[in-house]
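Student: Pasting in a structure now, in structure tokens, and then I'll have a few things to ask.
Residue numbers (the working numbering): 2 to 63.
Given below as structure tokens:
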């Protein structure tokens, strides 16, 4: 159950960061340092989700 909560929380964080990224891009532009910083934060969240999914996938093959 904790894994599912973690995954749901991660999905929620990614969605929030995506919305923040879009708003920053529209207001400040895609090359603004704030937009780039938000994009990098979102990349880290997505990377965490991918690691989680790969771990689940590899453990289900055993």
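Just so it is clear, CB atoms sit at the ideal spot from N, CA and C, and this is done for glycine as well. All values derive from a computational prediction rather than experimental measurement.
(1) Hey, residue 29 and residue 46 are a contact pair by Cβ (cut 8 Å); roughly how many whole angstroms apart?
(2) Around the Cβ of residue 23, are there at least 16 other Cβ atoms within 10 angstroms (buried) or fewer (exposed)?
(3) Between the C-alpha atoms of residue 48 and residue 11, what's the straight-line distance to the nearest angstrom?
(4) My guess is that residue 15 and residue 43 are in contact by the Cβ rule of under 8 Å, so how many angstroms apart are they, rounded?
(5) Are residue 8 and residue 52 closer than 8 Å when you measure CB to CB?
Tutor: By the coordinates alone:
(1) Along the chain shown, read from residue 1 onward, the residue named residue 29 stands at position 28. Along the chain shown, read from residue 1 onward, the residue named residue 46 stands at position 45. Their Cβ separation, rounded to whole angstroms, is 20 Å, which puts residue 29 and residue 46 out of contact at 8 Å.
(2) Looking up residue 23 in the chain shown gives position 22. Exposed is the call here.
(3) Along the chain shown, one-based indexing puts residue 48 at 47. Along the chain shown, one-based indexing puts residue 11 at 10. Spanning the two alpha carbons is a distance of roughly 10 Å.
(4) As a first step, residue 15 must be located in the chain shown, where it is residue number 14. As a first step, residue 43 must be located in the chain shown, where it is residue number 42. Confirmed, Cβ separation roughly 7 Å.
(5) Here the question's residue 8 lines up with position 7 in the chain shown. Here the question's residue 52 lines up with position 51 in the chain shown. In this structure, residue 52 does not lie closer than 8 Å to residue 8 by Cβ.
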